[in-house]
Every structure is written in C-alpha cells, then in structure tokens.
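S.K.: Going by this note's numbering, the residue at position 17 of the sequence shown is 17; the numbering climbs one at a time, nothing skipped.
The following block contains the structure, expressed as structure tokens.
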Amino acid sequence: MLTAIRARVLPENQRRTFEELTSDLDLNEGDLRAKRSAFWTMLFLAACIASAGVIADSTATVIGAMIIAPLSTPIMGTALALVKRERTGGVKFVVLGGLMVMAVGAVFSLMLPSPYDLLTNSQVAARTSPRLVDLVGALATGFAGAIALARRDVAAILPGVAISISLVPPLCVVGICLAEGSPSLAFGALVLFLSNFLALVFAGSLVFTTLGYTSAIREQGGASRRKVRATFAVLVLLVLVPVVLNSLISLAVAKLTQVGRDTTRTWLATTRGAEIVDVTNQGFTLVIHVRAPDGLPLTTALMSDLSAKLPTGIPVVLERSVGESIPLGSTT
C-alpha cells in the first residue's frame with residue numbers, strides 16, 4: 001500500500017534524485033559563494049519588505065515578502081540532514097537568518113517618526129497569539145513543500161512560497177515588538193515561529209523518508225533505519241512541545257477573553273446605548289472594544305472587577321469605536 005501511495009504522490013518519471021536534493025538544499029555544497037550571497041541578499045530584502053508591510057498594516061506587501069524569502073532552503077536542508085543523520089549547517093543559517101530578520105524589524109520600528117500602536121495593527125495581532133490551527137497549517141505546508149521539492153514538475157514553483165509564508169513575517173513582528181517595548185507580543189510571535197519551524201522540519205523529514213530517499217542514503221553509507229526512527233522519535237517530541245504550548249495558550253486566551261467579555265458586559269449594564277464591539281487578546285494584553293453614545297462608567301470599577309477574576313499582571317486596553325485607545329494598566 002505504501003508503495004502504491006508513493007508511486008501516486010511521486011511518479012518515477014518526476015522523481016528528483018537524492019544528489020539533486022542535496023545539491024539544492026545544502027548551503028555548504030557546490031558554489032558556496034553564489035548560494036550564500038543569494039540567500040542573504042534575498043532574505044534581507046524579504047525582511048525589509050515584510051517589516052514595511054507589517055508597520056504599514058499592508059497584507060499585500062507582506063505577501064510580497066513571503067514570495068521571495070529563501071528560508072525554505074535551510075529548513076528543508078535541515079529536514080534532509082535529519083534523515084541523513086548528518087550536520088549540514090542548515091540550523092545555523094535559520095538561526096542567523098532569523099536574528100537578521102528580527103534586527104531588520106527592530107530597525108524599521110525605531111526609524112518611525114512617531115510612537116507606533118501595535119495593538120491596532122492587524123498584521124501584528126495575527127502573529128502574536130499562536131493557535132493550534134497555526135501548527136496544523138505549518139504541518140500541511142511542510143508536506144506540500146517537501147513533496148514539491150521531490151518532484152521535478154513543481155519543484156521550482158511551490159516550496160519557497162509555501163514555507164516562507166509561516167516564518168519571515170512572525171520574525172519581523174518579534175523585532176518590531178521588542179523595539180516597541182512589548183516583550184509579551186514578541187514572545188507570542190516567537191512561539192509561532194518556533195512551532196512552525198519544528199513542524200516544517202518534521203513534515204519534511206517524514207516526506208523524505210516515506211518517499212524512499214532513505215534507501216539512497218543507506219546505499220551511500222548514511223543513516224540506518226534504526227537511526228532514522230530514533231531521529232523521528234526525537235522530532236515528534238520536539239513538535240509536541242509547541243503543540244502543547246499552543247494548546248495551553250489557546251485555552252488561556254479563550255478564558256481571558258471570555259472573562260473580559262462577561263466583566264465588561266456587567267460594567268456597561270447601566271449605561272444606555274453602550275455595547276461591546278469585541279474583546280480580543282494580543283500577546284496576553286486584553287483589548288476591550290466598546291461603543292457608547294455618551295460617557296462610559298468609571299474604568300476603575302472595570303479594572304477592579306477584572307483584577308478579582310484574572311491573574312496578576314494582565315495588561316488591559318480599552319478602545320472606543322471612535323478610535324480612542326485608553327491603556328487601563330495591569331490587573332493586580
């Protein structure tokens with residue numbers, strides 16, 4: 001059955017060789033100067049585009065950065081290296097590249113002429129509250145990218161777009177949030193990046209193993225079947241960590257927003273025409289959006305009720321429909 005599935009997913013006439021994969025994915029083989037210069041140049045430009053898109057809250061600009069970002073090469077190179085049980089330096093390029101992207105994001109943020117409100121930016125909000133569904137999407141992306149790399153007919157089209165979409169923008173958000181003094185938002189974006197990275201590597205390694213590349217590796221004196229299985233066991237554990245973390249964060253966020261909604265509803269009960277527009281969480285900052293034709297009740301009463309129901313240290317921001325943003329402080 002596995003052979004039939006393999007033949008359907010990767011027809012023999014479209015199958016790329018193990019040597020071709022290694023040549024494309026290993027930045028320490030072949031023309032090193034050309035490979036590395038292309039990687040760093042395109043990654044820097046992608047970081048600039050993504051940072052500008054995040055700050056401008058422009059989805060189209062961020063998508064442009066996703067298309068040209070070259071992080072798929074060292075990520076899938078890491079996946080192939082795990083199957084081979086060899087060190088190719090792929091992780092080093094991901095780490096150094098990630099630090100560069102964060103630095104670019106921080107520089108763009110510091111260059112702004114005026115204070116920047118992260119909480120009203122949809123590009124930031126979408127990447128600072130990691131969810132389990134994000135990890136599921138990253139796994140599917142990893143499978144798609146690895147299969148595309150293994151096939152000659154789609155190898156040049158899909159992997160870079162599919163894989164970089166989950167990595168470069170969150171790294172830019174990490175740098176921007178750190179520069180703006182919001183470590184909680186930066187942490188959320190970093191968790192999203194790390195969980196997606198591990199999911200992509202796991203999916204890529206599984207695909208390369210399932211599609212039969214381990215046979216070519218063993219013929220060249222590479223990893224044994226037992227070593228490959230041990231590698232996957234370790235990878236499963238590494239992926240489970242962000243899965244559990246994402247799940248716990250999602251549960252905490254759901255509880256946080258529900259308590260905020262119920263408490264705000266009680267707070268507005270005596271104010272005619274006042275209503276809750278939305279209650280959201282951004283990096284464990286509770287953002288309450290309300291609409292009221294006249295004045296609002298004393299915010300100290302709202303903070304007192306929230307402090308009695310939420311853990312200490314949760315920042316709370318109140319936003320009115322007219323665009324007024326009022327930081328209320330943190331729960332005590």
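Using N, Cα and C, we set each Cβ at its ideal position, and we do this for glycine too.
Where does GLU86 sit, in a helix, a strand or coil, going by DSSP?
M.R.: As a working mapping, residue 86 is identified with position 86 in the sequence shown. Three-state result, GLU86: coil.
S.K.: Taking the alpha helix (DSSP H) that GLN123 falls in, what are its first and last residues?
M.R.: Here residue 123 is taken as the residue at index 123 of the sequence shown, counted from 1. Looking at the DSSP string, the run of the alpha helix (DSSP H) that includes GLN123 is 122 to 125.
S.K.: I'd like to check one pair, LEU132 with SER247: are the Cβ atoms closer than 8 angstroms?
M.R.: Sequence index remark: in the sequence shown, residue 247 carries index 247 (1-based). Sequence index remark: in the sequence shown, residue 132 carries index 132 (1-based). In this structure, LEU132 lies closer than 8 angstroms to SER247 by Cβ.
S.K.: For the segment 15 to 34 against the segment 126 to 141, do three or more pairs of beta-carbon atoms, one drawn from each stretch, fall closer than 8 angstroms, so that the two count as touching?
M.R.: The segment 15 to 34 is not in contact with the segment 126 to 141.
S.K.: Which value, in whole angstroms, describes the spacing of the CA atoms of ILE49 and LEU167?
M.R.: Residue numbering aside, residue 49 sits at position 49 when the sequence shown is read from its first letter. Residue numbering aside, residue 167 sits at position 167 when the sequence shown is read from its first letter. Distance between the alpha carbons of ILE49 and LEU167 is about 14 angstroms.
S.K.: Hey, LEU185 and LEU118 are a contact pair by Cβ (cut 8 angstroms); roughly how many whole angstroms apart?
M.R.: Your numbering for residue 185 matches position 185 in the sequence shown. Your numbering for residue 118 matches position 118 in the sequence shown. Confirmed, Cβ separation roughly 6 angstroms.
S.K.: Just tell me which of ILE63, LEU211, ALA308, LEU286 has its CA closest to the CA of THR328.
M.R.: For the purposes of this step, residue 328 is taken as the residue at position 328 of the sequence shown. Here residue 328 is Leu; the residue named in the question, Thr, does not match the sequence. Out of ILE63, LEU211, ALA308, LEU286, LEU286 has the C-alpha closest to the C-alpha of LEU328.
S.K.: Relative to the C-alpha of THR78, which candidate in VAL91, VAL244, THR128 has its C-alpha closest?
M.R.: Taking the sequence shown and counting its residues from 1, the one referred to as residue 78 is at position 78. It is VAL91.
S.K.: Kindly identify the DSSP beta-bridge partner or partners of PRO327.
M.R.: By 1-based counting over the sequence shown, the position of residue 327 is 327. Answer is VAL317, bridged to PRO327.
S.K.: If you compare alpha carbons, which of ALA269, ASP57, ILE75 is closest to LEU198?
M.R.: Here residue 198 corresponds to residue number 198 of the sequence shown, with the count starting at 1. Checked all of ALA269, ASP57, ILE75; the closest Cα to LEU198 is ILE75.
S.K.: Let me know if GLY319 comes out buried or exposed under the rule of 16 or more other beta-carbons within 10 Å of its beta-carbon.
M.R.: What you label residue 319 is simply residue 319 of the sequence shown in a count that begins at 1. The sequence as given places Glu at residue 319; Gly does not occur at that position. Buried, by the Cβ-count rule.
S.K.: Applying the 10 Å Cβ sphere with the 16-neighbour rule, what's the burial state of LYS255?
M.R.: Taking the sequence shown and counting its residues from 1, one reaches residue 255 at position 255. With fewer than 16 other Cβ atoms within 10 Å, it is exposed.
S.K.: Report all residues from its chain with a CB closer than 6 angstroms to the CB of GLY105; omit the five preceding and five following residues, and keep chain order.
M.R.: Along the sequence shown, one-based indexing puts residue 105 at 105. Excluding positions up to five away in sequence, the list reads SER51, CYS172, GLY175, ILE176.
S.K.: For my contact list, PHE39 and PHE93 are in at a C-beta cut-off of 8 angstroms; report their separation, rounded to the angstrom.
M.R.: Here residue 39 refers to the residue found at position 39 when the sequence shown is read from its first residue. Here residue 93 refers to the residue found at position 93 when the sequence shown is read from its first residue. Yes, they are in contact, since the Cβ atoms of PHE39 and PHE93 sit about 7 angstroms apart, within 8 angstroms.
S.K.: Using only alpha-carbon positions, find the residue among GLY313, VAL191, ALA203 that is nearest to VAL83.
M.R.: One-based indexing of the sequence shown puts residue 83 at position 83. Here the closest residue by C-alpha is ALA203.
S.K.: Let me know the beta strand (DSSP E) ranges lying completely inside the segment 283 to 311, each 3 residues or longer, listed in chain order.
M.R.: With a minimum length of 3 residues, the continuous beta strand (DSSP E) runs that stay inside the segment 283 to 311 are 285 to 291.
S.K.: What is the DSSP secondary structure of ASN28, reduced to helix, strand or coil?
M.R.: The sequence position of residue 28 within the sequence shown is 28, counting from 1. Three-state DSSP puts ASN28 in coil, outside helix and strand.
S.K.: Assuming VAL259 and LYS309 form a contact by the criterion Cβ under 8 angstroms, report the distance between their Cβ atoms to the nearest whole angstrom.
M.R.: As a first step, residue 259 must be located in the sequence shown, where it is residue number 259. As a first step, residue 309 must be located in the sequence shown, where it is residue number 309. Rounded, the Cβ-Cβ distance is 5 angstroms, consistent with contact.
S.K.: Verify whether the separation of the beta carbon atoms of LEU80 and LEU21 is less than 8 angstroms.
M.R.: Taking the sequence shown and counting its residues from 1, the one referred to as residue 80 is at position 80. Taking the sequence shown and counting its residues from 1, the one referred to as residue 21 is at position 21. Closer than 8 angstroms, so yes.
S.K.: If you follow the alpha helix (DSSP H) that SER184 is part of, which residue opens it and which one closes it?
M.R.: On the sequence shown, position 184 is the one that residue 184 refers to. Start and end: 183 to 210.
S.K.: Let me confirm a value: GLN282 is counted as buried when at least 16 other C-beta atoms fall within 10 Å, else exposed. Which label applies?
M.R.: As a first step, residue 282 is located in the sequence shown; it is residue number 282 there, counting from the start. Buried, since its Cβ has 16 or more Cβ neighbours within 10 Å.
S.K.: Name the one or two DSSP bridge partners that VAL279 has.
M.R.: Your numbering for residue 279 matches position 279 in the sequence shown. DSSP lists ILE288 as partners of VAL279.
S.K.: Output the distance between the C-alpha atoms of ILE67 and GLY142, rounded to the nearest integer angstrom.
M.R.: In the sequence shown, counting from the first residue as 1, residue 67 sits at position 67. In the sequence shown, counting from the first residue as 1, residue 142 sits at position 142. Spanning the two alpha carbons is a distance of roughly 16 angstroms.
S.K.: On the CB-based measure, 16 or more other CB atoms within 10 Å of its CB, does ILE249 come out buried or exposed?
M.R.: Counting from 1 along the sequence shown, the entry for residue 249 is found at position 249. ILE249 comes out buried.
S.K.: Beta-carbon within less than 7 angstroms of ARG127's beta-carbon, same chain only, minus the 5 sequence neighbours each way: which residues are those?
M.R.: Translated into the one-based positions of the sequence shown, residue 127 becomes position 127. Excluding positions up to five away in sequence, the list reads PRO169, PRO170, VAL173, ALA189, LEU192.
S.K.: Taking C-alpha atoms, which residue in LEU211, SER122, THR299 lies nearest to THR59?
M.R.: Against the sequence shown, residue 59 aligns to sequence position 59. Ranking the options by Cα distance to THR59, first place goes to SER122.
S.K.: Which partner residues does ARG151 have in the DSSP bridge list?
M.R.: In the sequence shown, counting from the first residue as 1, residue 151 sits at position 151. According to DSSP, which records beta bridges pairwise, ARG151 is partnered with ARG15.
S.K.: Give the range of the alpha helix (DSSP H) segment to which ALA65 is assigned.
M.R.: The sequence position of residue 65 within the sequence shown is 65, counting from 1. Run containing ALA65: 59 to 68, per the alpha helix (DSSP H) assignment.
S.K.: Does DSSP put GLY260 in a helix, in a strand, or in coil?
M.R.: If you number the sequence shown from 1, residue 260 lands on position 260. DSSP places GLY260 in helix when its eight states are reduced to three.
S.K.: With DSSP run on the structure shown, which of helix, strand or coil describes ASP117?
M.R.: As a first step, residue 117 must be located in the sequence shown, where it is residue number 117. Coil, per DSSP.
S.K.: Residues in its own chain within less than 7 angstroms of THR332 by CB, not counting five upstream and five downstream?
M.R.: Indexing the sequence shown from 1 puts residue 332 at position 332. Hits under 7 angstroms: SER307, THR312.
S.K.: From ALA179 to MET111, what does the alpha carbon distance come to, in whole angstroms?
M.R.: Counting from one through the sequence shown, the residue named residue 179 turns up at place 179. Counting from one through the sequence shown, the residue named residue 111 turns up at place 111. Cα-Cα distance, rounded: 10 angstroms.
S.K.: Among ASP305, THR17, THR299, LEU240, which has the Cα closest to the Cα of LEU139?
M.R.: For the purposes of this step, residue 139 is taken as residue 139 along the sequence shown, with counting starting at 1. The option with the nearest alpha carbon to LEU139 is LEU240.
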